[in-house]
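What follows is a short report on a single structure.
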Amino acid sequence: MAIPRLPHIFQLSVLLVLSTSWATSASADPENFVHCLLNHSQPSHPIAPAIYSPNNASYSSVLESYIRNLRFNTSTTRKPFLILTALHESHVQISVVCAQIHNLQMKIRSGGHDYEGVSYVAEVPFFILDMFNLRSIHVDIKSETAWVQAGATLGEVYYRIAEKSKTHGFPAGVCPTVGVGGHFSGGGYGNMMRKYGLSVDNIVDAQLVNVHGELLDRKSMGEDLFWAITGGGGASFGVVIAYKINLVRVPEIVTVFRVSRTLEQNATDIVYRWQYIADKLDDDLFIRLTMDVVNGTSSNSSGENNKTLRASFIAMFLGDSERLLSIMNKSFPELGLKQSDCAEMSWAQSVLFWTSFPTGTSTEALLSRTPQVLTRLKRKSDYVKKPIPKTGLKWIFQKMIELEAPMLTFNPYGGKMSEISASATPFPHRAGNLWKVQYATNWDILGTEASDHYIELTRKLHMYMTPFVSKNPREAFYNYKDLDIGINHNANGMSSYLEGRVYGIKYFKHNFDRLVNVKTKVDPGNFFRNEQSIPTLPL
0 MAIPRLPHIF QLSVLLVLST SWATSASADP ENFVHCLLNH SQPSHPIAPA
50 IYSPNNASYS SVLESYIRNL RFNTSTTRKP FLILTALHES HVQISVVCAQ
100 IHNLQMKIRS GGHDYEGVSY VAEVPFFILD MFNLRSIHVD IKSETAWVQA
150 GATLGEVYYR IAEKSKTHGF PAGVCPTVGV GGHFSGGGYG NMMRKYGLSV
200 DNIVDAQLVN VHGELLDRKS MGEDLFWAIT GGGGASFGVV IAYKINLVRV
250 PEIVTVFRVS RTLEQNATDI VYRWQYIADK LDDDLFIRLT MDVVNGTSSN
300 SSGENNKTLR ASFIAMFLGD SERLLSIMNK SFPELGLKQS DCAEMSWAQS
350 VLFWTSFPTG TSTEALLSRT PQVLTRLKRK SDYVKKPIPK TGLKWIFQKM
400 IELEAPMLTF NPYGGKMSEI SASATPFPHR AGNLWKVQYA TNWDILGTEA
450 SDHYIELTRK LHMYMTPFVS KNPREAFYNY KDLDIGINHN ANGMSSYLEG
500 RVYGIKYFKH NFDRLVNVKT KVDPGNFFRN EQSIPTLPL
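See below:
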């Protein structure tokens, strides 16, 4: 993809330099910000149609269309004074420069799946740079690569790949409505990571608008910045416009299954065994384990069904069912997998299976930008390095039954994940990790009191898991954003660095220091910031 030359950005950059000392001390200036956007828009790509202010009839629908956590769609949630739905790369460049001139915070939104709403919520006056219009996908099967813009969804990427080839895919998430920008830049994982690693392990180039409004590619941005935006979160360093990805080979037929067992069906022993084999299975096989609380078959003295724990094993196998059953019978016979549990399908169809679409759903469903479910939610994460003793599992299961609402998901590592260096990308959770934990609680009840209740339940389960997860630091996955582990309240200085280090070490471990050095070099004024962005080094 050619990088357009925009001479007017140079003029804006000069203006930015001249006004920097004024902007850092001045208050936010939304009105003149809009004038700046309009005055520096290219005639060939006018920016006016991309601007939505609260007095625009479509403002609310544009804002709400990519809010994926209803906790942040309330009457009391601070709203942006403007939404800029960029229609061209130049709109991104202009917005970056004008926002600095007029001292405004920018939130960058691709798909809106940030668990804490960080891409569209702020405590200070702000505007949203919404990327959903920048969503082109160019697949080149001959070179086995694709250029994908940040506003595309994973489902759109998968559909366009499958449209060109039955034997190519890409290792990324299983939720089709997730936006590429945040998913890729924070690491990006899916059910092929044991075979091919993370999304960032398969990114070979990128386009990024930097703090000066310049549009850069990998060569012009340099290897340090390219490294940072492939796992360290793009929004700390600039605005990612697009990524170039390497496609991976998949068989024409893959096999999936979903098998559930309750405590009464020997779930404890099966989960215990899963811990010892999930990261060591054939690299073609990924078996996710989810655990939730359901009604049991027995009743208590009041006639109500007793609660029990259900363990569900969801698999993706890059091969046919015959070979899968052979592997399972040898390595995991405790599950009792049968041929009737297995379903063979194309790789694209397997994404729909994993997202719980009805059997037979057309792959065109991957193009839908509407999530199957919208709810209020809280998420947290952990990493496990040693199997949990059976007594520990029983204790955790009992606590889950007491809490009822929170779910646990274990995503196994091993395979390619153990082969890649922990410093190859900012994502550090490689060899030595057996699996990643996700804590998930959803609720539909309105109000702050209900939200506080369900968030506290999630925190309790996270606390109960403390003896069994990583320590010093207690690691966390950056794409499972969790403000409980730290918030940066300061723009610059020692306080900002120290606050950023609290969550930064948990997300990035030893890579945090390199990320800080890159950040200080490319954005010394810390314009690209949010509640959990990479801080700059204190002067």
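Throughout the sequence shown, residue numbering follows numbering that gives the first Met the number 0, covering 0 to 538 in sequence.
Beta carbons: idealized from backbone N, C-alpha and C, even for Gly.
Source: prediction; values computed, not measured.
If I measure Cβ to Cβ from residue i and keep anything under 7 Å in the same chain, skipping five residues before and after, which residues do I get?
| i | result |
| --- | --- |
| residue 270 | 288, 310, 392 |
| residue 334 | 258, 269, 312, 327 |
| residue 520 | none |
| residue 419 | 196, 200, 429 |
| residue 491 | 525, 535 |
| residue 35 | 97, 100, 101 |
What residues match up with residue i in a beta bridge as DSSP calls it?
| i | result |
| --- | --- |
| residue 314 | 256, 286 |
| residue 341 | 256 |
| residue 465 | Paired residues: none, contrary to the question. |
| residue 380 | 437 |
| residue 306 | 294 |
| residue 44 | 41 |
| residue 106 | 127 |
| residue 79 | The partner list for residue 79 (beta bridge, DSSP) is empty, contrary to what the question assumes. |
How many angstroms separate the CA atom of residue i from the CA atom of residue j?
| i | j | result |
| --- | --- | --- |
| residue 24 | residue 103 | A caution first: residue 24 carries a pLDDT of 44, below 50, which makes its placement in the model unreliable, though a value can still be read off. Whole-angstrom Cα-Cα distance: 12 Å. |
| residue 249 | residue 191 | 10 Å |
| residue 274 | residue 467 | 12 Å |
| residue 441 | residue 143 | 39 Å |
| residue 533 | residue 230 | 12 Å |
| residue 545 | residue 276 | The structure shown does not extend to residue 545, since the chain spans only 0 to 538, so no value can be given for it. |
| residue 324 | residue 336 | 7 Å |
| residue 439 | residue 399 | 12 Å |
| residue 518 | residue 209 | 11 Å |
| residue 141 | residue 202 | 17 Å |
| residue 264 | residue 105 | 52 Å |
| residue 425 | residue 403 | 35 Å |
| residue 458 | residue 31 | 43 Å |
| residue 86 | residue 133 | 6 Å |
| residue 147 | residue 422 | 25 Å |
| residue 526 | residue 225 | 18 Å |
| residue 118 | residue 65 | 10 Å |
| residue 262 | residue 292 | 10 Å |
| residue 109 | residue 356 | 23 Å |
| residue 47 | residue 529 | 26 Å |
| residue 113 | residue 93 | 25 Å |
| residue 502 | residue 75 | 27 Å |
| residue 449 | residue 432 | 35 Å |
| residue 137 | residue 447 | 44 Å |
| residue 28 | residue 179 | 31 Å |
| residue 354 | residue 368 | 13 Å |
So, is residue i buried or exposed, given that buried needs 16 or more other C-beta atoms within 10 angstroms?
| i | result |
| --- | --- |
| residue 338 | exposed |
| residue 195 | buried |
| residue 77 | exposed |
| residue 150 | buried |
| residue 444 | exposed |
| residue 213 | buried |
| residue 206 | buried |
| residue 493 | exposed |
| residue 129 | buried |
| residue 57 | exposed |
| residue 451 | exposed |
| residue 332 | exposed |
| residue 359 | exposed |
| residue 538 | exposed |
By Cβ distance below 6 Å, which residues in the same chain neighbour residue i in space, the five residues on each side in sequence not counted?
| i | result |
| --- | --- |
| residue 430 | 417 |
| residue 115 | 480, 482 |
| residue 252 | 319, 343 |
| residue 346 | 168, 249, 253 |
| residue 266 | 260, 310 |
| residue 387 | 467 |
Can the beta-carbon of residue i be found closer than 7 Å to that of residue j?
| i | j | result |
| --- | --- | --- |
| residue 177 | residue 153 | yes |
| residue 477 | residue 506 | yes |
| residue 174 | residue 254 | no |
| residue 80 | residue 124 | yes |
| residue 366 | residue 162 | no |
| residue 595 | residue 454 | Here the chain comprises residues numbered 0 to 538, so residue 595 is not present and cannot be evaluated. |
| residue 410 | residue 435 | yes |
| residue 240 | residue 474 | no |
| residue 185 | residue 171 | no |
| residue 407 | residue 290 | yes |
| residue 187 | residue 282 | no |
| residue 107 | residue 314 | no |
Return no unless some Cβ of chain C is closer than 7 Å to the Cβ of residue i.
| i | result |
| --- | --- |
| residue 344 | Considering every chain present, this structure includes no chain C. It has just one protein chain. |
Ordered along the chain, which non-local residues of its own chain (more than five positions away) have a Cβ less than 8 Å from that of residue i?
| i | result |
| --- | --- |
| residue 21 | In this predicted model, residue 21 has a pLDDT of only 40, less than 50, meaning its place in the structure is not dependable; the value taken from the coordinates is given anyway. No residues qualify anywhere along the chain. |
| residue 294 | 304, 305, 306, 307 |
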